[in-house]
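Trainee:
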Amino acid sequence: MKTSNLEKSLFSATRVFTTVGILFFLIVTIIATVVFFTSGKDTYVSYEEVKQSLAPATSDAQPKIEDTLPGINIPDNIKETFTGDNLSILYGWLNPLDDEKKQDFLNNLSKVITKAKDNNEDPTDIINRYKELKYPKFASSEFEKYFEKVLKAVYISLAVFSFIIAILLCLILVLLAIERNTRNESE
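This note's numbering puts the first residue of the sequence shown at 20, with every later residue one more than the last.
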């Protein structure tokens, strides 16, 4: 029995469909993987955010820091800024945070202080406002933490599912090629 035009067009359409499907699901896999690895809560507080929320007020105090927190890299401008009582205030701010958040807090604070000094502004009020703006970004509710984990699981599941579908569509293409190549021309 000869291969009919319907069969030929059906095989061609199936090959096109599976090829497009493979490309689509590979793209979905890549996007889901990228979103998974780049998702996360942004806790960065810019100098502009601090400046916008700060009422114009200045202080003449220029505290200096003499000690460092063990295991935490404190930038030089923070060492210069925090001394005496202000150092205990800084410790109070950092105590409830884990080491990763402490380092993030200090690195971000260092950038804000540098920007304030570059603009010839007293950083005291800016530092206080920075703390007020930064802490809410750290304080995630338990629901937000679980939701973030679930969302990451969804992205990974989507990536894996899309990859499996792409593999299955590749298998269909291989089976179609085998069927076409093993068919006798006399049939």
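Cβ coordinates follow ideal geometry from the N, Cα and C atoms, glycine included.
Do you know how far the Cα of Lys-120 is from the Cα of Ala-135?
Mentor: Taking the straight line from one Cα to the other gives about 22 Å.
Trainee: Between Ile-197, Leu-192 and Ile-175, which has its C-alpha nearest Ile-49's C-alpha?
Mentor: It is Ile-175.
Trainee: Beta-carbon within less than 7 Å of Phe-124's beta-carbon, same chain only, minus the 5 sequence neighbours each way: which residues are those?
Mentor: Hits under 7 Å: Leu-113, Leu-116 and Lys-153.
Trainee: If you reduce the DSSP assignment to three classes, tell me which class Val-64 lands in.
Mentor: Three-state result, Val-64: coil.
Trainee: Would you please state the rounded distance, in angstroms, between the beta carbons of Thr-62 and Lys-156? I believe it to be under 8 Å.
Mentor: Confirmed, Cβ separation roughly 4 Å.
Trainee: Could you give the distance in angstroms between the alpha-carbon of Arg-199 and the alpha-carbon of Leu-45?
Mentor: About 26 Å.
Trainee: Among residues of its own chain, excluding the 5 on either side of Pro-82, which ones have a beta-carbon nearer than 6 Å to its beta-carbon?
Mentor: Residue placement at Pro-82 cannot be trusted, given a pLDDT of 37 that sits under 50; what the coordinates show is reported in the next sentence. Result list for Pro-82: Thr-100, Phe-101, Thr-102 and Asn-105, in chain order.
Trainee: What distance in whole Å lies between the Cβ atoms of Ile-186 and Lys-70, which are believed to be in contact at a cut-off of 8 Å?
Mentor: At roughly 53 Å, the Cβ-Cβ gap does not stay under 8 Å, so Lys-70 and Ile-186 are not in contact.
Trainee: Have a look at Gly-210 and Glu-151 and give me their C-alpha separation to the nearest angstrom.
Mentor: Outside the displayed span of the chain (20 to 206) sits residue 210, for which this structure offers no information.
Trainee: How long is the line joining the alpha carbons of Asn-139 and Ile-108, rounded to whole angstroms?
Mentor: Whole-angstrom Cα-Cα distance: 24 Å.
Trainee: Taking the alpha carbon of Thr-64 as the point to measure from, which residue in Leu-128, Asn-96, Ile-91 and Ile-97 has its own alpha carbon closest?
Mentor: Note on identity: in this sequence residue 64 is Val, with Thr being the wrong assignment. Looking at the Cα atoms, Leu-128 is the closest of the given residues.
Trainee: Roughly how many angstroms separate the alpha carbons of Phe-180 and Leu-194, rounded to a whole number?
Mentor: Using only the alpha carbons, I get a separation of about 21 Å.
Trainee: Can you tell me whether DSSP reads Arg-202 as helix, strand or coil?
Mentor: Arg-202: coil per DSSP, three-state reduction.
Trainee: Nearest-angstrom Cα distance between Thr-38 and Ser-31?
Mentor: Their Cα atoms are separated by approximately 11 Å.
Trainee: Curious, which full-length alpha helix (DSSP H) runs of at least 4 residues does the segment 107-148 contain?
Mentor: You should have 118-137.
Trainee: For Pro-94 and Ile-184, I'd like the C-alpha separation in whole angstroms.
Mentor: Their Cα atoms are separated by approximately 50 Å.
Trainee: Can you tell me which of the three DSSP states Phe-157 falls into?
Mentor: Helix, per DSSP.
Trainee: Could you compute how far the alpha carbon of Ser-23 sits from the alpha carbon of Phe-55?
Mentor: Approximately 47 Å between the Cα atoms of the pair.
Trainee: Per DSSP, what kind of secondary structure is Ile-49 in: helix, strand or coil?
Mentor: In this structure, Ile-49 counts as helix in the three-state DSSP scheme.
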